[in-house]
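Undergrad:
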Amino acid sequence: MGKNLLGKAINAVTRCTYCKGNGRVPQYHQGAEVIKNGRTVAYTECTPMKTCPTCGGSGRSR
433 MGKNLLGKAI
443 NAVTRCTYCK
453 GNGRVPQYHQ
463 GAEVIKNGRT
473 VAYTECTPMK
483 TCPTCGGSGR
493 SR
């Protein structure tokens, strides 16, 4: 159990804060409205992603 907590703590400290550890950031924000019977019923985000410039896509701070 101690190893697991230690690993989680190390991961939290070394995680890239810009991309939150996943290595991808939005290139720009884009979305589309779902319209039914002339009314907007939903909004879907379709944002293209790019590699994080801070960590280089590794998800870890350098």
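Per our numbering, the very first residue in the sequence shown carries number 433; after that it's consecutive.
Don't be surprised by glycine CBs; every beta carbon is placed ideally from N, CA and C.
My output table needs one value for glycine 463: the three-state DSSP class, helix, strand or coil.
TA: Position 31 of the sequence shown holds residue 463. Three-state DSSP puts glycine 463 in a strand.
Undergrad: Is threonine 479 helix, strand or coil by DSSP?
TA: By 1-based counting over the sequence shown, the position of residue 479 is 47. Correct three-state label for threonine 479: coil.
Undergrad: Closer than 6 Å by C-beta to alanine 464: which residues in its own chain qualify, once you throw out the five before and the five after it? Chain order, please.
TA: Indexing the sequence shown from 1 puts residue 464 at position 32. Closer than 6 Å at the Cβ level, and outside the excluded window around alanine 464, lie Thr476.
Undergrad: Determine the burial state of cysteine 448: buried for a count of at least 16 other Cβ atoms within 10 Å of its Cβ, exposed for fewer.
TA: If you number the sequence shown from 1, residue 448 lands on position 16. Cysteine 448 comes out buried.
Undergrad: In this structure, how does DSSP classify threonine 449 when only helix, strand and coil are distinguished?
TA: Position 17 of the sequence shown holds residue 449. The answer is coil: DSSP assigns threonine 449 none of H, G, I, E or B.
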